[in-house]
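If you want the working numbering, it's the 1-based position in the sequence shown plus 3.
For glycine and all other residues, C-beta sits at the position ideal for the given N, C-alpha and C.
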Amino acid sequence: MTALSESAAPRPLHPGRGGTTAGDALATCLSFELGIDSFFGASHAMRPEGARHTHSFRIQATFVTDEVDDEGMVVGFREVSDLLEREAKRYANAHINDIPPFDVVQPTGENIA
């Protein structure tokens, strides 16, 4: 590993006005994002007389943070992935109208989301 030369060291953004460096400013602009998806197929019908039909659905969870943990992670990927898979299994190959709250709430795409 080589040491930074004096000319390569971070320089203050505003010489003489404080210690903020370009590196510090960049670090405050960074964020970390992790998205995890799970998929399932299910049917639904719009009440009162809509035809039963199927869709492919995606459950998506996105986590954004300014810093990661000691292991360089935003969240525990496996825990979140397992949680999404459990939710997907509740609806997979089911008729959504039979699953609360959609047994009384209209199962529109907006309500399902």
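A direct Cα-to-Cα measurement between V67 and G75 gives close to 13 Å.
Between I99 and H47, the CB-CB gap stays under 7 Å.
Residue pairing of V67 in beta bridges, as defined by DSSP: E36. Annotated as distal: A54 and Y94, with beta-carbon spacing of 7 Å or more.
Looking at R61, V78, N114, the one whose alpha-carbon comes closest to that of E36 is V78. Taking the CA atoms as reference points, D40 sits about 11 Å from F80. Residues of the same chain with a CB within less than 6 Å of the CB of E88, apart from the 5 flanking positions on each side, are S41 in chain order. Per DSSP, the continuous alpha helix (DSSP H) segment holding R89 begins and ends at 80-94. In the three-state reduction of the DSSP assignment, G112 falls in the helix class.
DSSP, read as helix, strand or coil, puts I99 in helix.
Between the C-alpha atoms of D73 and D85 there is a straight-line separation of about 22 Å.
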